[in-house]
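Colleague: Using numbering that gives the first Met the number 0, you'd call the opening residue of the sequence shown number 0 and step up by one each time. I'd like to ask some things about the structure below.
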Amino acid sequence: MNAQQFASDNYAGICPEAMTAMAEANAGSASGYGDDAWTRRATDAVRAVFDTECEVFLVFNGTAANALALAACCQSYHAVICAERAHVDVDEASAPEFFSGGAKLLVARGADGKLTASDVISMASARSDVHFAKPRAVTISQTTENGLVYAPDTVAEIGAACRARGLYLHMDGARFANAVAALDCHPADVTWKAGVDVLSFGGTKNGMAMSEAVVFFNRALAEDFAWRRKQAGQLASKMRFMAAPWAAMLPSGGWLANARHANAGARRFAAAVARIEPRWLRYPNEANGVFLGLPEAVAAGLRARGWVFYTFAGNVSRFMFGWDAEAARIDALAADLAELYAATAHAA
Ligand SMILES: *Cc1c(COP(=O)(O)O)cnc(C)c1O
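What follows is the structure in structure tokens.
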């Protein structure tokens, strides 16, 4: 194996608990397409975590979870309000538009990539004529694409704005576990109790192989979703291998332990950067990501030393920490940054 990198939290492998659960599900035969004990246990475990009745559907990845959840909220002439840099807008190859048959994404130009209740109100009120797509849903990412979290009262404000305007609220929770771990709140407090109708609950970045749960708190929206999932090619025939890790990791608390470990890795790295050059830190470190505005020479120096990471528009370099983040690798990355800092400071 290559040395650990922090380009993405999906560089991590499958965590031991998920792997064991899959091996146990492999001990014989079982019926297909979700009609099995593991899938029943997984969906019951999701209901227990959220402490409410909800409809749960497993899909292979986050793009499908988001696109199909939004399609369930929208007709083809509807619009979905989202934040700037939202994964649904910039990283899903128009899957939400495609699966909804044409619903338009309306992007709020916010400062820090976080949607506000007032964005929702102003964007939903901007046009009501028949010539423009009709706003029908709002989607927020928890955590956001730049590593921030929405606190329960902020979600509740957005939820209230949605209800006032007749909009459904979807949450892209590809990193939902990291957000819950960071907020140290009950999962219900940032979802259905705050007005979330449907959640894309991420398992993959949390340590599973390939699985996200679409969780409908608004159960009416789940009508015919089974067909939507099948049509999209997202109905796993051997679903027990997607379900078994959920059935294990939710009741054991392994999902939160993984997320806490990932968040701690980011915290360790952010603290080290703060000791080297705090002005490099672009956003507050709230969950499992650290975003740096590095001088070109430093970023190039890191790459020359073998480090892999993404640098986005606006010169923001992203470092993501997974369930397996190794303290020694984080320290090695920080040590290289410190050396490059010293070298470039001399040159200046
Ligand atoms: C990773 C991620 C997803 C899921 O993406 P897939 O590659 O389709 O699994 C969705 N939303 C956000 C914010 C993500 O970071």
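Quick reminder that beta carbons are idealized off the backbone N, C-alpha and C, glycines included. Predicted model, so just to flag it, every value in this text is computed and none were measured.
Please indicate yes or no: does the CB of ASP118 lie closer than 6 Å to some heavy atom of ligand 1?
Modeller: ASP118: no, Cβ never under 6 Å from ligand 1.
Colleague: Mind checking which residues open and close the beta strand (DSSP E) that includes GLY201?
Modeller: Taken as a continuous stretch (DSSP letters only), the beta strand (DSSP E) holding GLY201 covers 197-201.
Colleague: Determine, using beta carbons only, whether ALA286 and ALA181 come nearer to each other than 7 Å.
Modeller: It is a contact, given that the beta carbons lie within the stated cut-off.
Colleague: Which residue marks the beginning of the beta strand (DSSP E) containing ARG135, and which one marks its end?
Modeller: Here the beta strand (DSSP E) through ARG135 covers 133-140.
Colleague: Using 8 Å as the cut-off, can you tell me whether the segment 198-211 makes contact with the segment 171-179, which would need three or more C-beta pairs spanning the two stretches below that distance?
Modeller: Yes, since at least three Cβ pairs between the segment 198-211 and the segment 171-179 fall closer than 8 Å, the two stretches touch.
Colleague: Applying the criterion that 16 or more other CB atoms from any shown protein chain within 10 Å of the CB defines a buried residue, is SER117 buried or exposed?
Modeller: Exposed, because fewer than 16 other Cβ atoms sit within 10 Å of the Cβ of SER117.
Colleague: Are the Cβ atoms of GLY172 and LEU147 separated by less than 7 Å?
Modeller: Not in contact: GLY172 and LEU147 (Cβ atoms no closer than 7 Å).
Colleague: I want to know whether the segment 11-23 touches the segment 240-257 - three or more CB-CB distances under 8 Å.
Modeller: These segments touch.
Colleague: Quick one: is the Cβ of THR62 within less than 6 Å of any heavy atom of ligand 3?
Modeller: With respect to small molecules bound, the structure shown includes ligand 1 and not ligand 3.
Colleague: Pull up the CB-CB distance for CYS72 and LEU301, whole angstroms please, since I reckon it's below 8 Å.
Modeller: Not quite, the Cβ-Cβ distance comes to about 42 Å (not below 8 Å), so this is no contact.
Colleague: Spatial neighbours of TRP191 within its chain, please: C-beta separation below 7 Å, excluding the five flanking residues on both sides.
Modeller: Same-chain partners within the cutoff: PHE49, THR51 and PHE216.
Colleague: Starting from the Cα of VAL315, find the closest Cα among GLY27, PRO250 and TRP279 and give me that residue.
Modeller: Residue TRP279 is the option with its Cα nearest to VAL315.
Colleague: Of the residues SER99, GLY305, GLY252 and ARG304, which one's Cα is nearest the Cα of ALA132?
Modeller: Comparing Cα positions, the closest option is SER99.
Colleague: Measuring only from the beta carbon, is HIS86 closer than 6 Å to any heavy atom that is part of ligand 1?
Modeller: Because some heavy atom of ligand 1 lies under 6 Å away, the Cβ of HIS86 counts as near it: yes.
Colleague: If I follow the unbroken beta strand (DSSP E) through GLU23, where does it start and stop?
Modeller: Where GLU23 is concerned, there is no enclosing beta strand (DSSP E), although the alpha helix (DSSP H) it sits in stretches over 15-24.
Colleague: State the Cα-Cα distance for the pair ALA140 and MET170, rounded to the nearest angstrom.
Modeller: According to the sequence as given, residue 140 is Ser; it is not Ala. Distance between the alpha carbons of SER140 and MET170: 6 Å.
Colleague: Under three-state DSSP, which class holds GLU325?
Modeller: Three-state DSSP puts GLU325 in coil, outside helix and strand.
Colleague: Would DSSP call SER124 helix, strand or coil?
Modeller: Helix at SER124.
Colleague: The alpha helix (DSSP H) that contains PHE311, what's its start and end?
Modeller: Element bounds for PHE311: not the alpha helix (DSSP H) but the beta strand (DSSP E), 309-311.
Colleague: Check each candidate in HIS185, ALA150 and VAL195 and name the one with the smallest Cα separation from TYR165.
Modeller: In the sequence under discussion, the amino acid at residue 165 is Gly, which differs from the Tyr named in the question. For the residues HIS185, ALA150 and VAL195, the minimum Cα distance to GLY165 belongs to VAL195.
Colleague: Give the straight-line distance between the Cα atoms of GLY206 and ARG126, rounded to the nearest whole angstrom.
Modeller: Cα to Cα, GLY206 sits roughly 43 Å from ARG126.
Colleague: Under a Cβ-count criterion, where at least 16 other Cβ atoms within 10 Å of its own Cβ denotes burial, should PHE311 be classed as buried or exposed?
Modeller: PHE311 comes out exposed.
Colleague: Please go through the same chain and pick out, in chain order, the residues whose beta-carbon is closer than 7 Å to the beta-carbon of ASP88, but skip the five residues on each side of it.
Modeller: Taken in chain order, the residues that qualify are CYS81, LEU104 and VAL106.
Colleague: So who's on the other strand from MET319, going by DSSP bridges?
Modeller: GLY288, per the DSSP bridge assignment.
Colleague: Less than 7 Å between CB atoms is the rule here; does HIS169 satisfy it with respect to chain D?
Modeller: Going by chain labels, chain D is absent from the structure shown, which holds only one protein chain.
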